[in-house]
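Student: Residue numbers (the numbering used here): 18 to 184. Before I ask anything, here is the structure I am working with.
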Ligand code: NI
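In structure tokens form, the structure reads like this:
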């Protein structure tokens with residue numbers, strides 16, 4: 018199997034703003050995409066990567082916070098509790114971090130790459146990564162959480178990324 022590194026779409030690319038569609042069934046092509054997404058994520062030293070970030074509007078993301086890779090298909094956040102604030106970055110918006118308040122703990126239901134249903138509680142960093150990546154599947158980005166003041170400060174940088182995304 019050839020695992021290729023994929024091109025990461027930058028802020029301004031329309032793929033990042035689309036609502037992604039559910040995966041009907043995970044087969045060879047989806048598993049290949051997952052492998053390539055993981056390779057791409059590791060290459061860029063990320064801890065999460067969603068399919069729209071590589072131009073594919075399907076509800077798939079991968080993550081690894083240091084305890085091994087996981088693939089998440091058609092995630093549903095069933096419940097959330099608590100709150101925490103952390104500075105987040107995104108491979109599609111290099112050079113930008115935004116302080117984001119998110120639930121501390123989630124209960125998530127999804128399919129793994131073998132079409133098994135997984136129902137699991139996550140807290141801390143993994144919960145945050147899963148919420149960040151699920152946002153991507155709904156076309157939502159970290160800059161959407163920025164304050165008006167920060168949005169104003171980011172304007173020039175985002176314009177530059179937008180120009181780069183069209184190259
Ligand atoms: Ni991101």
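C-beta atoms are modelled at their ideal positions from N, C-alpha and C, and glycine is treated no differently.
For residue 63, which residues from the same chain have a beta carbon less than 7 Å from its beta carbon, with the 5 sequence-adjacent residues on both sides left out?
Tutor: Correct list, in chain order: 108.
Student: Since I believe residue 39 is in contact with residue 153 (beta carbons under 8 Å), could you give me their beta-carbon distance rounded to a whole number of angstroms?
Tutor: Contact flag wrong, Cβ pair sits at about 14 Å.
Student: Shortest alpha-carbon distance to residue 88 belongs to which of 131, 149 and 97?
Tutor: The option with the nearest alpha carbon to residue 88 is 131.
Student: Taking the alpha-carbon of residue 67 as reference, which of 162, 183 and 155 has the nearest alpha-carbon?
Tutor: Among 162, 183 and 155, the Cα nearest to that of residue 67 belongs to 155.
Student: Tell me the DSSP secondary structure of residue 69 in three-state form.
Tutor: Helix, per DSSP.
Student: Nearest to residue 77 by CA position, among 65, 91 and 165, is which residue?
Tutor: Closest option to residue 77, Cα to Cα, is 91.
Student: For residue 53 and residue 75, I'd like the C-alpha separation in whole angstroms.
Tutor: The alpha-carbon atoms of residue 53 and residue 75 are separated by roughly 14 Å.
Student: With residue 119 as the anchor, note down where its beta strand (DSSP E) starts and where it stops.
Tutor: Residue 119 -> beta strand (DSSP E) spans 115-119.
Student: Cα-Cα, which of 138, 41, 47 and 32 is closest to residue 124?
Tutor: Closest by alpha carbon: 138.
Student: Just to confirm, is the Cβ distance from residue 29 to residue 164 under 7 Å?
Tutor: Taking 7 Å as the Cβ cut-off, residue 29 and residue 164 do not qualify as a contacting pair.
Student: Taking 6 Å as the line, does the beta carbon of residue 212 fall inside it for any heavy atom of the ligand NI?
Tutor: This structure gives no information on residue 212, because the portion of the chain shown stretches from 18 to 184.
Student: Can you grab the Cα-Cα spacing for the pair residue 81 / residue 65, in whole Å?
Tutor: Those two C-alpha atoms are separated by around 6 Å.
Student: Return yes when the Cβ of residue 22 is within less than 7 Å of the Cβ of residue 60, no when it is not.
Tutor: Cβ distance < 7 Å, so residue 60 and residue 22 count as in contact.
Student: DSSP three-state call for residue 61: helix, strand or coil?
Tutor: In this structure, residue 61 counts as coil in the three-state DSSP scheme.
Student: Where do the ends of the alpha helix (DSSP H) carrying residue 182 lie?
Tutor: Counting along the chain, the alpha helix (DSSP H) containing residue 182 begins and ends at 165-182.
Student: Measuring straight from C-alpha to C-alpha, what distance separates residue 160 and residue 115?
Tutor: For residue 160 and residue 115, the distance between alpha carbons rounds to 7 Å.
Student: On the criterion of 16 or more Cβ atoms from any shown chain inside 10 Å, does residue 145 qualify as buried, or is it exposed?
Tutor: With 16 or more Cβ atoms within 10 Å of its Cβ, residue 145 is classed as buried.
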